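Visitor: Here you go, one structure.
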Amino acid sequence: MNARSAAAVVVAAVLGHAVVLAIWPQAHTLLIDLQVYRAGGESVLAGRPLYGGGVLLDLPFVYPPFAALVFVPLVWLPPPVLAAGWTLLGLVLLAVVVRRCGAAGPLLMAVVALATWLDPVRTTLYLGQINLVLLAVVACDLFGRPGSRWRGVGIGLAAALKLTPLLFVAHLLLTGRIRAAATALGTFAAAGALGFVVAPADSVEYWLRGTFASAGRISDVAGPSNHALAGLLARAGLPDLVPAALLALLTLAVAACLHRRGDDLAAGTLVGLGSAAAAPFAWSHHWVWVVPLVVLLARRASAGERAAAVGLGGVLLATLAVITRLPGPDVGPVPATGAISLWPYAYLALFAAVLAGAVWSLRRTRV
Numbered sequence: 431m432n433a434r435s436a437a438a439v440v441v442a443a444v445l446g447h448a449v450v451l452a453i454w455p456q457a458h459t460l461l462i463d464l465q466v467y468r469a470g471g472e473s474v475l476a477g478r479p480l481y482g483g484g485v486l487l488d489l490p491f492v493y494p495p496f497a498a499l500v501f502v503p504l505v506w507l508p509p510p511v512l513a514a515g516w517t518l519l520g521l522v523l524l525a526v527v528v529r530r531c532g533a534a535g536p537l538l539m540a541v542v543a544l545a546t547w548l549d550p551v552r553t554t555l556y557l558g559q560i561n562l563v564l565l566a567v568v569a570c571d572l573f574g575r576p577g578s579r580w581r582g583v584g585i586g587l588a589a590a591l592k593l594t595p596l597l598f599v600a601h602l603l604l605t606g607r608i609r610a611a612a613t614a615l616g617t618f619a620a621a622g623a624l625g626f627v628v629a630p631a632d633s634v635e636y637w638l639r640g641t642f643a644s645a646g647r648i649s650d651v652a653g654p655s656n657h658a659l660a661g662l663l664a665r666a667g668l669p670d671l672v673p674a675a676l677l678a679l680l681t682l683a684v685a686a687c688l689h690r691r692g693d694d695l696a697a698g699t700l701v702g703l704g705s706a707a708a709a710p711f712a713w714s715h716h717w718v719w720v721v722p723l724v725v726l727l728a729r730r731a732s733a734g735e736r737a738a739a740v741g742l743g744g745v746l747l748a749t750l751a752v753i754t755r756l757p758g759p760d761v762g763p764v765p766a767t768g769a770i771s772l773w774p775y776a777y778l779a780l781f782a783a784v785l786a787g788a789v790w791s792l793r794r795t796r797v
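In the numbering used here, the protein residues as written are 431 to 797.
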């Protein structure tokens, strides 16, 4: 891709967001999740409980107590500064992730611009979500300099903020990176211990009374906004614990094979997507690991791989199609009929295709 083409993609992406915000001002939903994070920090400072009710109106705080400690500095920033700074941080970290995944020059510019229109990234930016922060921390840790003594710290911190990155610890163990896995677990434990020191009552509630294990605290598990396997099974009235565990194990096994083949980017991307698929609950914005997937496929497609080009088209179709029909929470529930009713299954279908593609590529390599 040349600079002119990349610039055209950037301009189109920026104009697209400008049009959306102009004709639909509530698209950003007032960065509502960022407000919840700020309220969590306020609760810590004021000594109010984090769990058992809403910290902002009726919206609950669903992260570990350590996350609320991290959010305390948000309280000290004026709301306009916080909103602008958080959005800018998300865009910068998006570029960092794309660069860490191997894109550079015009391709870097184009992928970053295009990625802002991937639904997981778009909703993360418009809601003020933390997912791009977690993605960047894990990606920089996982795809950083091999043999670094700090490897595992980022994964441990990300897991201390939100539990799903713990799957990367299992990935490190299965791929023989024992020291990095131990570092990640140690960092995770230290962060949890800090939570007990600063917010002991909340830590007891979250860790010892089982709040962390209750997916229902997030939202209705069987609702259409749950894009995890658990949501699909709950809507069908089926148990989800064993199937989700088996899916996680299958993901880890395939990722380990990719790692042994020397394809760390594909392995890490698969684990990231699998952490959303096997989670008890996954909003669409939890699927930000589609960004490394887009970079991976775009690089291979630009090198002439036809299958990668087809795959890239499929990823864009799965993650862009819903935007014009369901731009935010104010539109109401997903209709029960028509093509849009299939939206809750798009990410699982995408993950199934990625997993199958990974297995196929491994078999082809062996042949």
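Using N, Cα and C, we set each Cβ at its ideal position, and we do this for glycine too.
No experiment lies behind these values; they were computed from the predicted model shown.
Going by DSSP, what residue range makes up the beta strand (DSSP E) through residue 484?
Guide: Translated into positions along the sequence shown, residue 484 becomes position 54. Start and end: 484–486.
Visitor: May I ask you to report which of helix, strand or coil DSSP gives residue 480?
Guide: Taking the sequence shown and counting its residues from 1, the one referred to as residue 480 is at position 50. Note: residue 480 maps to coil in three-state DSSP.
Visitor: Quick one, which of 484, 745 and 534 has its alpha-carbon nearest residue 410's?
Guide: The requested residue 410 is not part of the displayed model; the chain covers only 431 to 797.
Visitor: Could you tell me which of 566, 662, 580 and 472 sits nearest to residue 608, measuring between CA atoms?
Guide: Locating residue 608 in the sequence shown gives position 178, counting from the first residue. Ranking the options by Cα distance to residue 608, first place goes to 580.
Visitor: Who are residue 489's beta bridge partners in DSSP?
Guide: Position 59 of the sequence shown, counted from the start, is the residue given in the question as residue 489. DSSP lists 486 as partners of residue 489.
Visitor: Buried or exposed: where does residue 632 fall if 16 or more other Cβ atoms within 10 Å of its Cβ makes it buried?
Guide: Looking up residue 632 in the sequence shown gives position 202. Burial call: buried.
Visitor: For the alpha helix (DSSP H) that residue 598 lies in, which residues bound it at each end?
Guide: Along the sequence shown, one-based indexing puts residue 598 at 168. Per DSSP, residue 598 belongs to the alpha helix (DSSP H) from 596–604.
Visitor: Note down, in chain order, each residue of its chain lying with its Cβ closer than 8 Å to the Cβ of residue 463, except the 5 sequence neighbours on either side.
Guide: If you number the sequence shown from 1, residue 463 lands on position 33. For residue 463, where only same-chain residues beyond five positions count, the Cβ hits under 8 Å are 557, 558, 559 and 560.
Visitor: If the criterion is Cβ atoms closer than 8 Å, does the pair residue 703 and residue 723 meet it?
Guide: Here residue 703 corresponds to residue number 273 of the sequence shown, with the count starting at 1. Here residue 723 corresponds to residue number 293 of the sequence shown, with the count starting at 1. Closer than 8 Å, so yes.
Visitor: Below 8 Å between beta carbons: does that hold for residue 669 and residue 774?
Guide: Position 239 of the sequence shown, counting from 1, holds the residue named residue 669. Position 344 of the sequence shown, counting from 1, holds the residue named residue 774. No, the Cβ-Cβ distance between residue 669 and residue 774 is not below 8 Å.
Visitor: Rounded to whole angstroms, what's the CA-CA distance from residue 718 to residue 477? Just pull it up for me.
Guide: Your numbering for residue 718 matches position 288 in the sequence shown. Your numbering for residue 477 matches position 47 in the sequence shown. Roughly 33 Å between the two C-alpha positions.
Visitor: Exposed or buried, which one is residue 795 when buried takes at least 16 other CB atoms within 10 Å?
Guide: Within the sequence shown, numbered from 1, the residue matching residue 795 stands at position 365. With fewer than 16 Cβ atoms within 10 Å of its Cβ, residue 795 is classed as exposed.
Visitor: Under the three-state reduction of DSSP, which class applies to residue 637: helix, strand or coil?
Guide: On the sequence shown, residue 637 is found 207 positions in, with the first residue counted as 1. Correct three-state label for residue 637: helix.
Visitor: Count the other C-beta atoms from every protein chain shown that fall within 10 angstroms of the C-beta of residue 763, then say buried if there are 16 or more, exposed otherwise.
Guide: Mapped onto the sequence shown, residue 763 falls at position 333. Any reading at residue 763 must be qualified, since the residue scores a pLDDT of 48, below 50, and its modelled position is unreliable; the value itself is stated next. Counting Cβ neighbours within 10 Å, residue 763 comes out exposed, since fewer than 16 surround it.
Visitor: With DSSP collapsed to three states, give me the class of residue 573.
Guide: The residue you call residue 573 lines up with position 143 of the sequence shown. Residue 573: coil per DSSP, three-state reduction.
Visitor: Kindly list the residues whose CB is nearer than 6 Å to the CB of residue 697, restricted to its own chain and excluding five residues on each side of it in sequence; keep chain order.
Guide: Within the sequence shown, numbered from 1, the residue matching residue 697 stands at position 267. Counting only Cβ-Cβ distances below 6 Å, and skipping sequence neighbours, we find 685, 688 and 689.
Visitor: Consult DSSP for residue 783 and reduce its assignment to one of helix, strand or coil.
Guide: As a working note, residue 783 is residue 353 in the sequence shown. Three-state DSSP puts residue 783 in a helix.
Visitor: Quick check on the DSSP output: the alpha helix (DSSP H) that includes residue 657 runs from which residue to which?
Guide: As a working note, residue 657 is residue 227 in the sequence shown. Residue 657 -> no alpha helix (DSSP H), and no H or E assigned at all.
Visitor: Residue 586 and residue 614 - do their beta-carbons sit closer together than 8 Å?
Guide: One-based indexing of the sequence shown puts residue 614 at position 184. One-based indexing of the sequence shown puts residue 586 at position 156. Contact flag set, yes.
Visitor: On the CB-based measure, 16 or more other CB atoms within 10 Å of its CB, does residue 576 come out buried or exposed?
Guide: The count along the sequence shown starts at 1 and reaches residue 576 at position 146. Residue 576 is exposed by the Cβ-count criterion.
Visitor: Hey, how far is the Cα of residue 758 from the Cα of residue 650?
Guide: Residue numbering aside, residue 758 sits at position 328 when the sequence shown is read from its first letter. Residue numbering aside, residue 650 sits at position 220 when the sequence shown is read from its first letter. Low per-residue confidence applies at residue 758: pLDDT is 47, beneath 50, and the placement is therefore not dependable, though the value from the model is reported in the following sentence. Roughly 17 Å separates the two Cα atoms.
Visitor: Residue 659 and residue 677 - do their beta-carbons sit closer together than 8 Å?
Guide: One-based indexing of the sequence shown puts residue 677 at position 247. One-based indexing of the sequence shown puts residue 659 at position 229. Yes, Cβ-Cβ distance for residue 677 and residue 659 is below 8 Å.
Visitor: Relative to the C-alpha of residue 725, which candidate in 667, 711, 716 and 699 has its C-alpha closest?
Guide: Locating residue 725 in the sequence shown gives position 295, where the first residue counts as 1. The candidate whose alpha carbon is nearest that of residue 725 is 699.
Visitor: Pick helix, strand or coil for residue 432, following the three-state DSSP scheme.
Guide: Taking the sequence shown and counting its residues from 1, the one referred to as residue 432 is at position 2. Residue 432: coil per DSSP, three-state reduction.
Visitor: Alpha helix (DSSP H) containing residue 731: first to last residue?
Guide: On the sequence shown, position 301 is the one that residue 731 refers to. Per DSSP, residue 731 belongs to the alpha helix (DSSP H) from 720–732.
Visitor: Residue 743 by DSSP, collapsed to three states: which one?
Guide: On the sequence shown, residue 743 is found 313 positions in, with the first residue counted as 1. Of the three classes helix, strand and coil, the one that applies to residue 743 here is helix, per DSSP.
Visitor: For residue 780 versus residue 748, is the C-beta spacing smaller than 8 Å?
Guide: Here residue 780 refers to the residue found at position 350 when the sequence shown is read from its first residue. Here residue 748 refers to the residue found at position 318 when the sequence shown is read from its first residue. Yes, the Cβ-Cβ distance between residue 780 and residue 748 is below 8 Å.
Visitor: Find the nearest neighbour of residue 495 within the set 625, 711 and 647, judged by alpha-carbon distance.
Guide: Stepping through the sequence shown from its first residue, residue 495 is reached at position 65. It is 625 whose Cα lies nearest to the Cα of residue 495.
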